[in-house]
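Just so we're aligned: 83 in full-length UniProt numbering is position 83 of the sequence shown, and the numbers increase by one with no gaps anywhere.
Working notes, structure below.
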Amino acid sequence: MIAESENDLLTLFRDYLYSLGMKTETASSGHEAIEQFIDSEENEMPYDVIVLDTHLKNPSGLDIAKRIRSQKPDQKMVLITTTPKENLQQECLKTAGILDRDILTMPFSMSEFVSVLKD
Numbered sequence: 001m002i003a004e005s006e007n008d009l010l011t012l013f014r015d016y017l018y019s020l021g022m023k024t025e026t027a028s029s030g031h032e033a034i035e036q037f038i039d040s041e042e043n044e045m046p047y048d049v050i051v052l053d054t055h056l057k058n059p060s061g062l063d064i065a066k067r068i069r070s071q072k073p074d075q076k077m078v079l080i081t082t083t084p085k086e087n088l089q090q091e092c093l094k095t096a097g098i099l100d101r102d103i104l105t106m107p108f109s110m111s112e113f114v115s116v117l118k119d
């Protein structure tokens, strides 16, 4: 699943991954991302990777990551942000179990994006 607040980026990421043969679901808000995560778990169709924009609203991408981590500790997650890594809330990252290698700071190349997803 890709949760991104900017529709143009959401479409770009979805279409690029689709061109590589990867099936993706999308969410444009924090609330929608949480609902889709819950539905995927209830239907026993878990996501391989969840990509979260740190600037999602209601709740934020970091808050979603913490919630997902508390429910599914082994879930692979990647954060996309325009905020420099050193300015991200380190305690929130630690609680969410997000490692430095799982954070992509814009701008980044699509090959970097795919590499982090497959890592």
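Ideal Cβ placement from N, Cα and C applies to all residues, glycine included.
Quantities reported herein were computed from a predicted structural model and do not represent experimental measurements.
If you compare alpha carbons, which of the options is closest to residue i?
i     : options                      : result
ASN87 : TYR18, LEU9, THR105          : THR105
ILE64 : GLU44, VAL116, ALA27, LYS85  : ALA27
LEU52 : LEU20, HIS31, GLY21, ASN43   : HIS31
SER40 : LYS118, LYS72, GLN89, ASP119 : LYS72
So what's residue i in DSSP terms, helix, strand or just coil?
i     : result
ASP53 : strand
MET77 : strand
Which residues bound the beta strand (DSSP E) around residue i?
i      : result
THR105 : 103-105
Hey, quick one: how far does the alpha helix (DSSP H) through residue i stretch, first residue to last?
i      : result
GLU112 : 110-118
LEU88  : Counting along the chain, LEU88 falls outside any alpha helix (DSSP H), and DSSP gives it neither H nor E.
Under 8 Å, with one C-beta from each stretch per pair, do the segment 97-115 and the segment 72-82 reach the 3-pair mark? Taking one beta carbon from each stretch, the segment 97-115 and the segment 72-82 have 3 or more pairs nearer than 8 Å; the two touch.
Continuous beta strand (DSSP E) assignments of at least 3 residues falling wholly in the segment 20-70: The segment 20-70 contains these whole beta strand (DSSP E) runs: 49-53.
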